[in-house]
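Below is one structure, written out as structure tokens, with a few remarks after it.
In our numbering, the protein residues as written are 1446 to 1513.
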């Protein structure tokens, strides 16, 4: 996602699973999937992962601001 720092790192799997960690934000996202019969032509999950990561960061930041 666009909010993860340059020091973030992770791993993606062929069936859509991913883990992404940002030590600077003290945040991680684990996305578990069980896509059946994946193909390299189907890019929907590749496009969805950054959207998911951005939504997680935005939600966490919004929750943090509400607590202040």
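Glycine residues also receive a C-beta, built at the ideal position from the N, C-alpha and C atoms.
Here the structure is a predicted model, which is why all the values come from computation and not from measurement.
Bridge pairing for residue 1456: 1464 [DSSP]. Separation of residue 1499 and residue 1485 (C-alpha to C-alpha, rounded to the nearest whole angstrom) is 24 Å. With a threshold of 16 other beta carbon atoms within 10 Å, residue 1496 falls short and is exposed.
Of the candidates 1507, 1494, 1511 and 1501, the residue whose Cα lies closest to the Cα of residue 1462 is 1494. Annotated as distal: residue 1487 and residue 1460, with beta-carbon spacing of 9 Å or more.
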